[in-house]
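A short worksheet on the structure shown next.
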Amino acid sequence: MLNPHAAEARDAPAMPLLAAADLQDNLMTATHDLDRLQTLLAQACDELMQGFHGAAEQIQELVEAAQESPSNELFDGVMRHLGGAITALQFQDMASQLIAHTNQRLRNCADQLARDAFGPDADGEAVVAAAPLRPNPVTQDEMDAGSVELF
Amino acid sequence: MHSILAVDDSASMRQMVSFTLKSAGYAVTEAVDGQDAWEKAGGKHFDLVLTDQNMPLLDGIGLTRKLRGHPQFKNTPILILTTESSDQMKQAGRAAGATGWLVKPFDPAKLIEVIRKVIR
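Structural data, given as structure tokens:
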């Protein structure tokens, strides 16, 4: 049985097909770049976390080893900086969710484009990656601490 | 010492939450998703559950619903700590029985303040 997509692809002018191929190529490149970005972020975050834990442990040891108690002002300042680092270090979780969502959307676009423009290949109808079911869960555009609501 | 079940599928978030809670003197049990949390909760006492929302296998709202259906967790405070900030999701969390909704990123001092408030 003739596939309607294949017929459309045969009848389509050459230039749009080339443009579609180019666009699909660019979309796939973008998804691969996002995959690499995920890996880089995860590795960077691992190292940041190791550094953070190392620094926090040493601060604790210094406090315990001090002959006299450190001044409250100094200790409070250190704790404030550590608290700020904890808030900022949550970037990887948020960035990772944003990237995964965008990546899924791009893959869906690239697959739909390939199916609609080129029709089925030797293996049959092209498989289209599912689009995200929900809007992007990460709506924050800054790293300030989020809201708190008790019910 | 109060004990807290901390649930998040992100390793870095689990580390940040655990560090914050342990620094404040709480005993922490970590779970990697809702299903893991449900299994770890069985037969154990926790003074509070702090869970992410978007996780594989079982999400935070699903976990809250399951815990609330168990007599042991009927009155245990459950806080959802998530990137989700839509009113629709918050209402779903509330309907499932969550005690509160905290949007990421969290501020450690504020998180501890809220936990002290809800643990009685």
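For the record, the sequence lines run as chains A and B.
The numbering used here applies: residue 1 is where the first sequence begins, and numbers increase by one.
The numbering used here applies: residue 1 is where the second sequence begins, and numbers increase by one.
All C-beta atoms, glycine included, are put in the ideal place defined by N, C-alpha and C.
Note down, in chain order, every chain A residue with its Cβ under 7 Å from the Cβ of residue i.
i, result
"B:ASP107", "GLY83, THR87 and ALA145"
"B:LYS110", "ALA145 and VAL148"
Please list, in chain order, the chain A residues whose beta carbon lies closer than 8 Å to that of residue i.
i, result
"B:LYS90", "GLU149"
"B:ASN54", "GLN97 and PRO137"
"B:LEU102", "GLY146, SER147, VAL148 and GLU149"
"B:VAL118", "LEU150"
"B:ALA98", "PHE151"
Would residue i and residue j be called neighbours here (beta carbons separated by less than 8 Å)?
i, j, result
"A:PHE151", "B:ALA98", "yes"
"A:ASN103", "A:ALA131", "no"
"A:PRO135", "B:GLU84", "no"
"A:GLU142", "B:LYS90", "no"
"B:SER23", "A:ASP93", "no"
"B:ALA96", "B:ILE61", "yes"
"B:MET55", "B:ASP33", "yes"
"B:LEU48", "B:ILE115", "yes"
"A:LEU17", "A:ALA117", "yes"
"A:ILE99", "A:LEU48", "no"
"B:THR20", "B:SER3", "no"
"B:VAL17", "B:ASP8", "yes"
"A:ILE86", "B:PRO108", "yes"
"A:SER96", "A:GLN38", "yes"
"A:GLN90", "B:PRO71", "no"
"A:LEU27", "A:ALA56", "no"
"B:ALA117", "A:ALA145", "Correcting the residue type first, residue 117 of chain B is Lys in the shown sequence and not Ala. Going by C-beta atoms, B:LYS117 is not nearer than 8 Å to A:ALA145."
Taking C-alpha atoms, which residue in the options lies nearest to residue i?
i, options, result
"A:ALA129", "A:GLU61, A:GLN24, A:GLU47 and A:ASP111", "A:ASP111"
"A:ARG105", "A:SER147, A:ALA21 and A:HIS32", "A:HIS32"
"B:GLN53", "B:GLY100, B:LYS110, B:GLU113 and B:THR76", "B:GLY100"
"B:ILE78", "B:GLU113, B:LEU57, B:THR64 and B:SER10", "B:THR64"
"B:VAL103", "B:GLN72, B:MET16, B:THR82 and B:LYS110", "B:THR82"
"B:PRO27", "B:LEU57, B:LEU50, B:SER10 and B:ALA92", "Position check: residue 27 of chain B holds Ala in this sequence, whereas Pro was assumed. For B:ALA27, the nearest C-alpha among the options comes from B:LEU50."
"A:ASP22", "A:ALA114, A:LEU37 and A:ALA122", "A:ALA114"
"B:ALA41", "B:ASP9, B:THR76 and B:LYS117", "B:THR76"
"B:ARG94", "B:LEU111, B:ALA31, B:ILE4 and B:ILE80", "B:ILE80"
"B:PHE46", "B:MET1, B:LEU57, B:LYS117 and B:LYS110", "B:MET1"
"B:LEU57", "B:TRP38, B:GLY25 and B:ARG120", "B:TRP38"
"B:LYS44", "B:GLY69, B:ALA92 and B:PHE73", "B:PHE73"
List the residues of chain B whose Cβ lies closer than 9 Å to the Cβ of residue i, in chain order.
i, result
"A:ASP141", "Going along chain B, no residue has its Cβ under 9 Å from A:ASP141, so there is no contact; the nearest lies around 12 Å."
Listing by chain order, which chain B residues have their CB less than 8 Å from the CB of residue i?
i, result
"A:GLN90", "SER12, MET13, MET16, LYS104, PRO105 and PHE106"
"A:MET94", "THR83, LYS104 and PRO105"
List the residues of chain A whose Cβ lies closer than 9 Å to the Cβ of residue i, in chain order.
i, result
"B:THR20", "GLY83 and ILE86"
"B:VAL114", "VAL148 and LEU150"
Entirely enclosed beta strand (DSSP E) segments - the stretch 21–63 of chain B, minimum 3 residues:
Fully enclosed beta strand (DSSP E) runs of 3 or longer: 27–31 and 48–51.
query = Taking any Cβ of chain B, which residues in the stretch 37–51 of chain A have a Cβ under 7 Å from it, in chain order?
reply = If the cut-off is 7 Å between Cβ atoms, the stretch 37–51 of chain A has CYS45 and MET49 near chain B.
| said: Quick check on the DSSP output: what are the complete beta strand (DSSP E) runs of length 3 or more inside the stretch 32–116 of chain A, in order along the chain? | reply: Along the length of the stretch 32–116 of chain A, whole beta strand (DSSP E) runs at least 3 residues long do not occur.
Subject >> Members of the stretch 58–86 of chain B near chain A, C-beta cut-off 7 Å >> reply: Cβ contacts with chain A come from THR83, GLU84 and SER85.
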